[in-house]
Amino acid sequence: MTPDATYSVRLQPINAELTVTAGTPLRDVLFDQGVEFPCGGNGRCRGCKVRVLSGDVPVNAAQTEHLRPQELAAGWRLACQCKVEDNLAIELRQWDATILANDAVFEFTPSEGLGVAIDVGTTTVVAQLLDLATGQVLGVKTALNPQARHGGDVMSRIQFAVAENGQATLVQAIRHEVGRLIHLLFGTSGADTSRLRRVALVGNTVMHHLFCDIDLEPLSRYPFEPVADGLQTRTGGDLGWDVPADTVVQFLPCLGSFVGSDILAGILATGLHESTVPAGLIDLGTNGEIVLTDGKQMLCASAAAGPAFEGARIAAGMRASTGAIWKVTARDGELHCEVLGNVEPRGVCGSGLVDAIAALLHTGKLKATGRLTDRASSVALAPGVDLTQNDVRQVQLAKGAVAAGLRILMERLGITEDALTTLYLAGAFGNYVDRQSARTIGLLKMPLDRVHPVGNTALLGAKIALFSPEEADGGYRQIRERMAHVSLNEDPRFQDVYVEEMSFAGA
Ligand code: FES
Numbered sequence: 037m038t039p040d041a042t043y044s045v046r047l048q049p050i051n052a053e054l055t056v057t058a059g060t061p062l063r064d065v066l067f068d069q070g071v072e073f074p075c076g077g078n079g080r081c082r083g084c085k086v087r088v089l090s091g092d093v094p095v096n097a098a099q100t101e102h103l104r105p106q107e108l109a110a111g112w113r114l115a116c117q118c119k120v121e122d123n124l125a126i127e128l129r130q131w132d133a134t135i136l137a138n139d140a141v142f143e144f145t146p147s148e149g150l151g152v153a154i155d156v157g158t159t160t161v162v163a164q165l166l167d168l169a170t171g172q173v174l175g176v177k178t179a180l181n182p183q184a185r186h187g188g189d190v191m192s193r194i195q196f197a198v199a200e201n202g203q204a205t206l207v208q209a210i211r212h213e214v215g216r217l218i219h220l221l222f223g224t225s226g227a228d229t230s231r232l233r234r235v236a237l238v239g240n241t242v243m244h245h246l247f248c249d250i251d252l253e254p255l256s257r258y259p260f261e262p263v264a265d266g267l268q269t270r271t272g273g274d275l276g277w278d279v280p281a282d283t284v285v286q287f288l289p290c291l292g293s294f295v296g297s298d299i300l301a302g303i304l305a306t307g308l309h310e311s312t313v314p315a316g317l318i319d320l321g322t323n324g325e326i327v328l329t330d331g332k333q334m335l336c337a338s339a340a341a342g343p344a345f346e347g348a349r350i351a352a353g354m355r356a357s358t359g360a361i362w363k364v365t366a367r368d369g370e371l372h373c374e375v376l377g378n379v380e381p382r383g384v385c386g387s388g389l390v391d392a393i394a395a396l397l398h399t400g401k402l403k404a405t406g407r408l409t410d411r412a413s414s415v416a417l418a419p420g421v422d423l424t425q426n427d428v429r430q431v432q433l434a435k436g437a438v439a440a441g442l443r444i445l446m447e448r449l450g451i452t453e454d455a456l457t458t459l460y461l462a463g464a465f466g467n468y469v470d471r472q473s474a475r476t477i478g479l480l481k482m483p484l485d486r487v488h489p490v491g492n493t494a495l496l497g498a499k500i501a502l503f504s505p506e507e508a509d510g511g512y513r514q515i516r517e518r519m520a521h522v523s524l525n526e527d528p529r530f531q532d533v534y535v536e537e538m539s540f541a542g543a
């Protein structure tokens, strides 16, 4: 292998071809394509199974431990446990639409035509083209949300929309981008646009309002109550897209002020609403959204965690993409970093931050109060990538808000961590975060075997919606009726619990 050798990786069934530096972990290649690694790439869940159609991916010990001999012989590998060392063509099991986040299979009634499921994130938009008869994924496209030039988080979008009269600009930007992604999906897959029947979108409350052009002003002031947060239906013709005019376009309903349909989708994808025992779901993005059930009631809340877990407001912070330090361990008192994409480190993402804090606590370079020892103002993680005292404070605020939110909801339901049978961790952060590190810094307190990373449940939930049109009203209404939204800021105990939970004293 020459140092800069490259190989091609062809992804089926979407027929995308990528050029990759030799030796790059397959996980890093696929993560950028929206593929999820439910156990954080630790080789435990089999959720990242791929079938090698051509090229050589040697069988290693991790593969033989988790895959049966027949599977290995048929070309199946765990993507998180191999590197690209040949020209490859691979097929992803995950793009089989019948697999849920908890590895169960969901049933759907086949119907004619094609559909598109879309996760409208504050930062990224992900769209999948699906065959409604077979559930096959025919194409995947991702793009940055073009609204980001008017603010990186939902609060700055609200500010731009309301104070700077920018609502129309934001509405136009996202509608145009989604239309463009749909156009690209058809262009690259070769599918016939006239076969498009349905588009299902999910996103947080602000994305919901902006896509549907619902006034954001009520979300800019107390009591932050949305005016219309239900299921919204438009047509392809309404939106001026290059698709059949009668294409049904639905944005799924929100659950509360700042708890959107991305969380409703997470509930659908994990089956949380069917749990008869205490269980929960946390999605750590720009906000920390939490849903908890005691088996009867459901409560949801949005903890103003700030964007630290997405790498924002961190001096060397970045999203979980090529060049990000995603894992940090302490060995012999020294920090060791792993970087996504097999390249020089460019910054640190949320999971790397949590690891780094845990490692600094282990090595005694950080106190549980959040103060770096020896009055240091920063610590070097890798050449050119430092963690500053202010970064530590940002993580402390984020961690405190989420842990306090979880505790308040548990108190309201009268349950303890011991009673919580399952906690699903959604989103990219949940995918990569080391659960032991999360426990070490006190973000999570329950036993590790109850914490399950579940990947992009927002997109999975959008797919379920696409395949269950009859659920479009009744199913969601039932969940919405059972759900109570808790406004954490109005809880008299929140400030005290928040201050207590800012400590990094974990397990
Ligand atoms: S086995 Fe690869 S992500 Fe879980």
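Residue numbers for the sequence shown follow my numbering, beginning at 37 and rising by one.
For glycine and all other residues, C-beta sits at the position ideal for the given N, C-alpha and C.
What you are looking at is a predicted structure, and each value in this text was computed from that prediction instead of being measured.
Per the Cβ contact rule, the stretch 104-122 is in contact with the stretch 70-84 (3 or more Cβ pairs under 8 Å). Under a 10 Å Cβ-count criterion, Ser473 is classified as buried, with 16 or more other Cβ atoms of the shown protein chains found around its own Cβ. C-alpha of Glu325 to C-alpha of Leu480: approximately 14 Å in a straight line. When the Cα atoms are used, Ile500 and Glu148 turn out to be separated by approximately 16 Å.
Going by DSSP, Pro105 is part of the alpha helix (DSSP H) stretching over 105-109. For Ser539, the three-state secondary structure derived from DSSP is coil. DSSP, read as helix, strand or coil, puts Ala344 in helix. Here the alpha carbons of Leu103 and Leu166 stand approximately 28 Å from one another.
The beta carbons of Leu423 and Leu417 sit closer together than 7 Å.
Residues Gly342, Ala344, Arg349, Ile350 of the same chain have their beta carbon placed closer than 8 Å to that of Gln430, with the five preceding and five following residues left out of the count.
Counting along the chain, Cys248 sits inside the alpha helix (DSSP H) bounded by residues 241-248. The Cβ-Cβ distance between Val242 and Pro254 does not fall below 7 Å. Pairing Arg443 with Thr100, the inter-Cα distance amounts to about 41 Å. Beta bridge pairing from DSSP links Val86 with Arg113, Leu128. Not one heavy atom of the ligand FES falls within 6 Å of the beta-carbon of Arg270. Thr405 and Met538 have their C-alpha atoms roughly 8 Å apart. According to DSSP, Ser44 shares a beta bridge with Thr55. In this structure, Leu524 sits away from Gly400, with a CB-CB distance that is not shorter than 7 Å. In the three-state scheme derived from DSSP, where H, G and I count as helix and E and B as strand, Arg270 is classed as strand. For Thr458, the three-state secondary structure derived from DSSP is strand. Beta-bridge annotation (DSSP): Phe287 is paired with Leu237, Gln268.
Runs of beta strand (DSSP E) with 3 or more residues, each lying fully within the stretch 497-533, are found at 519-521, listed in chain order.
Looking at Ser256, Asp92, Glu121, Asp122, the one whose alpha-carbon comes closest to that of Ala110 is Asp92. In the structure shown, Val327 adopts extended strand secondary structure according to DSSP, grouped into three states.
DSSP, read as helix, strand or coil, puts Leu66 in helix. Classified as buried, Lys363 has 16 or more neighbouring CB atoms from the shown chains inside 10 Å of its CB. Under DSSP, no beta-bridge partner is assigned to Leu308.
Measuring C-alpha to C-alpha distances from Leu376 to each of Ile361, Asp368, Ala366 identifies Ile361 as the nearest.
Shown here, Gln164 sits in a strand according to DSSP, grouped into three states. No heavy atom of the ligand FES is found nearer than 6 Å to the CB of Leu217. For Gln172, the closest of Thr160, Pro94, Phe144, Phe287 by C-alpha to C-alpha distance is Phe144. For His372, the number of other beta carbons within 10 angstroms of its own is below 16, and it is reported as exposed. Using a Cβ distance threshold of 7 Å, Ile50 and Val88 do not count as a contacting pair. DSSP, reduced to helix, strand and coil, places Glu253 within a helical segment of the structure shown. Under the DSSP definition of a beta bridge, Ser414 partners with Thr424. Pro314 sits buried, since 16 or more C-beta atoms from the chains shown fall within 10 Å of its C-beta.
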